[in-house]
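J.: Here it is, the structure, as structure tokens.
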Amino acid sequence: MSLPEELGALVREHLAARPGASWAELARDVGVAGLLVPEEHGGAGCGPAELAAVAEEMGAALSPHPFLQTAVMAVTAATACGAGDLLKAVADGGATATVVLPGDAELRLAGGRLSGVAPYVLAGELVLLYAGGQLVEAVPTRREAYLTMDESRPLERLTFEDVPVRRLGDGTSAARVRDLGIAALAAEQVGGAQRCLDMAVAYARTRVQFGRPIGAFQAVKHKLADVLLLVESARSAARAAAGDEVAAAVAGSYCTEAYLAAAGENIQVHGGIGITWEHPAHRYFKRATSDAQLFGPPQAHRARLAPVVFGE
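Numbers in this note's numbering are just positions in the sequence shown, counted from 1, shifted up by 3.
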């Protein structure tokens, strides 16, 4: 079986399986869920370097697991407010979690009760929300799953109708949660872009046209060289992304555009086979496209950089 066929089979197997069961397995056997959880709460207590390495592999495999929202964003939010019970539940794979960031929902918090709607939320069992300047946990009245282009990244619409909340802490960690989420996503994008490049190179070496591999043609060589440059530059940006909000914004912009370019060029190199359902190329393109909107498009990240660059 060729590399693309193996990847296609792996991705289809992931999507057909129940991600919840395999997530518990990853948490128990590999420790993915507790990567950033402090050791005193049953985690590995790792930092940005380990996070980037794991996220890159998750992106390369198009993992449908809730790594980004659970192991990165929810853990960062819970750690900031010392919610040890939540951290332990996440670290051992007993629960998945998600975070609703400020500005991503219309919420009203009054008298310890929450009402409102949170659209386009990454799927997770436990729901943490920043509302009224606080970090709270609440159980939604209703969950509605979206039919998304990228099946491997489930999104939900959450409705809260005067539900009680559990206060976890103040909302000062929201910016850090967003920036670390952007950093983890950037590393995932690098992993996906690298896999696209690997697929394209492997195909260019074996696909023969006019009596020679298509990789021998200058136009294809230049195309792949350009993608290599994008991927390596994106990797550098992603590894620095956890440093501060400026580095996160740089990575959010550059890695998004690099992944989109790599996924598109992968399809171009493969030609007609690249758009068939059986080949995984289209799945990487779908993931790259959906990732481009997750924390805002590249221009939104660049807008965050404007005050730093231009002193506005």
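All residues carry an ideal CB built from backbone N, CA and C; glycine is no exception.
(1) By DSSP's criteria, Asp173 is part of a beta bridge. Which residues make up the other side?
(2) I'd like the list of long-range same chain contacts for Glu159, defined as Cβ closer than 6 angstroms, with 5 residues on each side in sequence excluded.
(3) Ala205 and Ile217: beta carbons closer than 8 angstroms?
(4) Can you list, in chain order, the residues of its chain whose CB lies under 7 angstroms from that of Ala240, leaving out five sequence neighbours each side?
(5) Out of Ala94, Phe313 and Glu260, which has the shortest C-alpha to C-alpha gap to Ala27?
(6) With distance defined between alpha-carbon atoms, name the residue in Val75, Ala52 and Pro105 nearest to Thr175.
(7) My understanding is that Glu42 touches Gly48, with C-beta atoms under 8 angstroms, so please give their C-beta distance in whole angstroms.
(8) In whole angstroms, what is the alpha-carbon distance linking Val102 and Ala264?
(9) Since Val272 and Arg238 should fall inside the 8 angstroms C-beta cutoff, what is the C-beta to C-beta distance between them, to a whole number of angstroms?
(10) With a threshold of 16 other CB atoms inside 10 Å of the CB of Gly2, please say whether the residue is buried or exposed.
(11) Quick one: is Thr144 buried, meaning 16 or more other Cβ sit within 10 Å of its Cβ, or exposed?
(12) Roughly how far, in whole angstroms, is the beta-carbon of Ala36 from the beta-carbon of Ala74, given that I think they are within contact range, below 8 angstroms?
(13) Please identify the residue among Thr79, His44, Ala303 and Val311 whose C-alpha is closest to the C-alpha of Ala187.
(14) Does the pairing of the segment 289-296 with the segment 162-180 give three or more beta-carbon distances under 8 angstroms?
(15) Around the C-beta of His225, are 16 or more other C-beta atoms found within 10 angstroms, so that it is buried, or is it exposed?
(16) Measure the CB-CB distance between Leu183 and Met76 and report whether it falls below 8 angstroms.
(17) Which of helix, strand or coil does DSSP assign to Met4?
(18) How big is the Cα-Cα spacing for Ile333 and His304?
T.: In terms of the structure at hand:
(1) Under DSSP, Asp173 takes part in a beta bridge, and its partners are Gln137.
(2) In its chain, beyond the 5 residues on either side, Val124, Ala126, Arg146 and Ala148 have a beta carbon closer than 6 angstroms to the beta carbon of Glu159.
(3) No Cβ-Cβ contact shorter than 8 angstroms links Ala205 with Ile217.
(4) Answer for Ala240: Ala189, Val253, Ala254, Tyr257 and Cys258, listed in chain order.
(5) The option with the nearest alpha carbon to Ala27 is Ala94.
(6) Between Thr175 and the set Val75, Ala52 and Pro105, the nearest pair of CA atoms involves Pro105.
(7) Going by Cβ atoms, the distance from Glu42 to Gly48 rounds to 4 angstroms, so yes, they are a contact pair.
(8) Approximately 29 angstroms, taken between the alpha carbons.
(9) Between Arg238 and Val272 the Cβ distance is about 20 angstroms, and since that is not below 8 angstroms, they are no contact.
(10) Past the edges of the chain, shown from 4 to 315, lies residue 2, and the structure says nothing about it.
(11) Under this definition Thr144 is an exposed residue.
(12) Indeed they touch by this definition, with Cβ atoms about 5 angstroms apart.
(13) Among Thr79, His44, Ala303 and Val311, the Cα nearest to that of Ala187 is on Thr79.
(14) Result no; under three Cβ-Cβ pairs closer than 8 angstroms.
(15) By the 10 Å Cβ count, His225 comes out exposed.
(16) Contact: yes.
(17) No answer about Met4 holds up, because its pLDDT of 49 lies below 50 and its placement is not dependable.
(18) Examination of residue 333 is not possible in this model, given that the chain is present from 4 through 315 alone.
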